[in-house]
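From first to last, the protein sequence lines are chains A and B. The first sequence begins at 1 in the UniProt record's numbering and counts up by one. The second sequence begins at 1 in the UniProt record's numbering and counts up by one. Even for Gly, the Cβ is constructed at its ideal location relative to N, Cα and C.
There are 2 protein chains.
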Amino acid sequence: MEPSGLPTLQDVSRVAGVSTATVSRCINDPSKVARKTREQIQKAIDELGYTPNFGGRVLASRRTNSVGVVIPTMDNAMFAGALQAFQEVLTDAGKTLLVASSGYDPAQEFRQIRALVANGADGLLLIGTDRPQDTRDFLARRRVPHVLTWCFEPDSTACIVGFDNRKAGRLIAEAALALGHRNVAIIGGISRNNDRAAGRMAGMRDALAAIGPPARITRVVETRYGLDQGGDAFDVVMQANSAPTAVLCGNDVLATGAILRARDRGIRVPQDVSITGIDDHNLARVVAPALTTVRVPQREMGRQAARVLLGLIAGDRTLRGCEVEVSLVRRQSLAGPPPGG
Amino acid sequence: MEPSGLPTLQDVSRVAGVSTATVSRCINDPSKVARKTREQIQKAIDELGYTPNFGGRVLASRRTNSVGVVIPTMDNAMFAGALQAFQEVLTDAGKTLLVASSGYDPAQEFRQIRALVANGADGLLLIGTDRPQDTRDFLARRRVPHVLTWCFEPDSTACIVGFDNRKAGRLIAEAALALGHRNVAIIGGISRNNDRAAGRMAGMRDALAAIGPPARITRVVETRYGLDQGGDAFDVVMQANSAPTAVLCGNDVLATGAILRARDRGIRVPQDVSITGIDDHNLARVVAPALTTVRVPQREMGRQAARVLLGLIAGDRTLRGCEVEVSLVRRQSLAGPPPGG
């Protein structure tokens, strides 16, 4: 017995009268152990109430062959395309992907990162660049190979495989401006602790301020990503004294919620008001009218991120990140402003 | 140095001239270590090229406080609602959720299960009941506390917190029959290695056979869950010599894909053909016409599954699973058959 009083593999081996190697094989690959021996070992395990020592196995193999990802939320398919592609490359390389979620809380993200590292993750994929100093110190001190994604900063010293959220915001706002919109509302994600949401809104503001005279921002609402939240925010921006002719949303979930609410209110999209998204999520092509949005090449980004992370894990310190390009997708939800709008 | 030649925590402690406890504290909670000491340790770490021994930490704490889930795919939001609720309960209990995905492949599921257990997961949530004997033997032999979900079998000896897929299939087929449909096509998920997809289709067949005279099944197509796949399958079932008046889909993603394709083809839903889903996914309320479907109470199921799994991990062997109830949600995609249909 260990000092903790818990039975060990050695105890099982002694009681069963077989080697520890046989016990280990029986636990991990029972088909390779003769039936009679298996039964002896099972009997010993049952008698002792033995529970295998998970940590011991990790220690024995040193490398667990897993890679961790911390995404902000499991609650919608926002990250699904990139994750699936990321996973496919890792699976081909014999690695297991473990996904944890932070609930958009930097302290919880740090806990998840520590848990993944403690559980033996060989490397991490993290969303966005903006995180507290103690998290960054931990990653540096523990020398955890990690790639950042869903963002891009050309001058960053971090290894980033992602896209420029600010550019995405600028693209969609420029598309609205080009059609003549000058009274614009913004429904964004909550920008606190979320550099992607903040970047998207900053890009929209850049574009709206860059023309002369600048377009008027009638209202800005920040809300959680969700259909109902998008709908509620739409009600708020449409209540303003001078209603916008276009509502630029920080992602497709919010934009889809806004379109559903417009339908409920008898507001026609795009005849009465235009609504746009960002991401080119499945919802964007399903909702009617279909969303004009900015496409994020999720699969390409996920694959690239996996390749770079595998390189870092293999010890290649020369690897740098790369930017994947976003592009405007024109569908039906954006048209010119209504006459007099 | 270890026999492997890798530097150890002890090496760092010797070179830095501090205790191993201080090195350990410096790595895990640097704010608690004086700056000068931190610098000494960092210098030693840099000189030695030390990488912390993750396995060692797991071993030291015995319990990693993580719980694993293996879902079939990360590629859409099918499991998102339940997972998010599952995670919320676990987070409150101080546990980290690690999600892996099997790609609907039983061998990959088994690899992911072993990886999660090797990485120290205290318990597992698995989707469905149908898995190879070696996977079940492994779970039994390693005494891994685990809960099955997304399915329900009252007589199973496993601990299941889920719903009856067969009942869900029956409910939606009965709704179509009640409106007078007698020529029905089925677009299901791939039933091989997927007891949920198989159960849903079996339930539809049960209902269609139970009336007198039985309804005619014009065509059955199995396909991967995806919008394009649903659309392609819709083309196939509508090509049949005698077209169906209702197309029952195995989930909302397939049904949404079918509705989009019907729109492209100029086929009116529900005037020319009715289309139904299962799950009550976000897509079901977003697509136009909105889907008549069967609601799976995902959040309730996720919360319950988490509570039961936490109980099993805590050693409560008396816990049994429970069934959450599915219910019909009537929207616009299902109406009576067209005249003469």
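Can you tell me where the beta strand (DSSP E) holding residue i begins and where it ends?
i: residue 135/B; result: Residue 135/B -> not in any beta strand (DSSP E); alpha helix (DSSP H) instead, spanning 133–141.
i: residue 256/A; result: Here residue 256/A belongs to no beta strand (DSSP E); instead the alpha helix (DSSP H) covers 252–265.
i: residue 34/A; result: Element bounds for residue 34/A: n/a, residue is neither H nor E.
i: residue 98/A; result: 96–101
i: residue 275/A; result: 274–276
i: residue 122/B; result: 121–127
i: residue 68/B; result: 66–71
i: residue 160/A; result: 160–162
i: residue 268/A; result: Looking at the DSSP string, residue 268/A is not in any beta strand (DSSP E), and its letter there is neither H nor E.
Taking the continuous alpha helix (DSSP H) assigned at residue i, which residues delimit it?
i: residue 179/A; result: No alpha helix (DSSP H) contains residue 179/A, which DSSP labels as neither H nor E.
i: residue 310/B; result: 298–313
i: residue 199/B; result: 195–210
i: residue 230/B; result: 227–239
i: residue 81/A; result: 80–92
i: residue 14/A; result: 9–16
i: residue 222/A; result: It is not in any alpha helix (DSSP H) - residue 222/A instead sits in the beta strand (DSSP E) that spans 216–222.
i: residue 144/B; result: Here residue 144/B belongs to no alpha helix (DSSP H), and DSSP marks it neither H nor E.
Check whether the Cβ atoms of residue i and residue j lie closer than 8 Å to each other.
i: residue 81/B; j: residue 304/B; result: no
i: residue 270/A; j: residue 332/A; result: yes
i: residue 44/B; j: residue 16/B; result: yes
i: residue 255/A; j: residue 230/A; result: yes
i: residue 70/A; j: residue 126/A; result: yes
i: residue 276/B; j: residue 209/B; result: no
i: residue 191/B; j: residue 198/B; result: yes
i: residue 183/B; j: residue 130/B; result: no
Exposed or buried, what is residue i when buried is set at 16 or more other beta-carbons lying within 10 Å of its beta-carbon?
i: residue 257/A; result: buried
i: residue 172/B; result: buried
i: residue 133/B; result: exposed
i: residue 94/B; result: exposed
i: residue 282/A; result: buried
i: residue 280/B; result: buried
i: residue 145/B; result: buried
i: residue 236/B; result: exposed
i: residue 340/A; result: exposed
i: residue 200/B; result: buried
i: residue 306/A; result: buried
i: residue 11/B; result: buried
i: residue 214/B; result: exposed
i: residue 128/B; result: buried
i: residue 157/A; result: exposed
i: residue 88/A; result: buried
i: residue 39/B; result: exposed
Against chain A, does residue i count as a neighbour if the rule is that its beta carbon must be under 8 Å from one of theirs?
i: residue 74/B; result: yes
i: residue 87/B; result: yes
i: residue 99/B; result: yes
i: residue 8/B; result: no
i: residue 135/B; result: no
i: residue 83/B; result: yes
i: residue 276/B; result: no
i: residue 96/B; result: yes
i: residue 54/B; result: Legend: pLDDT at residue 54/B = 40, less than 50; position of this residue unreliable, no value from coordinates given.
Looking at chain B, is there any beta carbon in it that lies within less than 8 Å of the beta carbon of residue i?
i: residue 57/A; result: Interpretation of residue 57/A is limited by its pLDDT of 38, a score under 50 that renders its predicted location unreliable; no figure is taken from the coordinates.
i: residue 283/A; result: yes
i: residue 331/A; result: no
i: residue 66/A; result: yes
i: residue 77/A; result: yes
i: residue 5/A; result: Note that residue 5/A scores a pLDDT of 49, beneath 50, so its modelled location is shaky; the value from the coordinates is reported in the next line. Not an interface residue.
i: residue 80/A; result: yes
i: residue 1/A; result: Caution is warranted here: a pLDDT of 39 is assigned to residue 1/A, below 50, making its placement in the model unreliable, and no coordinate value can be reported.
Please find out if some non-hydrogen atom of the ligand HEM comes closer than 7 Å to the beta-carbon of residue i.
i: residue 221/A; result: In the structure shown, the ligand HEM is absent, as is every other ligand, since no ligand is present at all.
**OP:** Pull out every residue of the stretch 286–301 of chain A whose Cβ sits closer than 7 Å to any Cβ of chain B, in chain order.
**Re:** 286, 287 and 288
**OP:** Give, in chain order, every residue of the stretch 113–129 of chain A whose Cβ lies closer than 7 Å to some Cβ of chain B.
**Re:** 115, 117, 118, 119 and 120
Original post:
Of the residues that make up the stretch 202–236 of chain B, which ones have a beta carbon closer than 8 Å to any beta carbon in chain A?
Top reply: 227
**OP:** Return the residues of the stretch 245–265 of chain A that lie within a Cβ-Cβ distance of less than 7 Å from chain B, sorted by chain order.
**Re:** 256 and 260
**OP:** Using a Cβ-Cβ cut-off of less than 8 Å, give me the residues of the stretch 298–324 of chain A that come near chain B, in sequence order.
**Re:** none
**OP:** With 8 Å as the C-beta to C-beta threshold (strictly closer), list the residues of the stretch 139–170 of chain B near chain A in chain order.
**Re:** 141, 142 and 143
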